[in-house]
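Be aware that the sequence shown starts at 1, since it is given in full-length UniProt numbering, and climbs by one per residue. Shown next, in structure tokens, is the structure this report addresses.
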Amino acid sequence: FIQEQIMQYANSKRIEKLILQKGDKVYLLRKNIKTIKSSSKLNHKKLGLFKILQ
């Protein structure tokens, strides 16, 4: 009984696999992208709105 409740709770927090299609607009996280600004604290966390071409 308890195990079923735990499974239901865990499954309710999961999201389905996100499928991006051509023409969708997305933001990119700046985590692995170098920018011109000297201070990363003052830099934006997300870059974008970019349109998916392929």
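Just so it is clear, CB atoms sit at the ideal spot from N, CA and C, and this is done for glycine as well.
Distance, Cα to Cα, R30 vs I6? Stepping through the sequence shown from its first residue, residue 30 is reached at position 30. Stepping through the sequence shown from its first residue, residue 6 is reached at position 6. A direct Cα-to-Cα measurement between R30 and I6 gives close to 35 Å.
Assuming S48 contacts L18 under a Cβ cut-off of 8 Å, what Cβ separation, rounded to an integer in Å, is found between them? If you number the sequence shown from 1, residue 48 lands on position 48. If you number the sequence shown from 1, residue 18 lands on position 18. Position check: residue 48 holds Gly in this sequence, whereas Ser was assumed. Contact flag wrong, Cβ pair sits at about 15 Å.
Less than 9 Å between the C-beta atoms of K34 and F50, yes or no? Within the sequence shown, the letter at position 34 stands for residue 34. Within the sequence shown, the letter at position 50 stands for residue 50. Cβ atoms of K34 and F50: not closer than 9 Å.
How many Å lie between Y9 and L20 at the Cα? If you number the sequence shown from 1, residue 9 lands on position 9. If you number the sequence shown from 1, residue 20 lands on position 20. Rounded to the nearest angstrom, the two C-alpha atoms are 27 Å apart.
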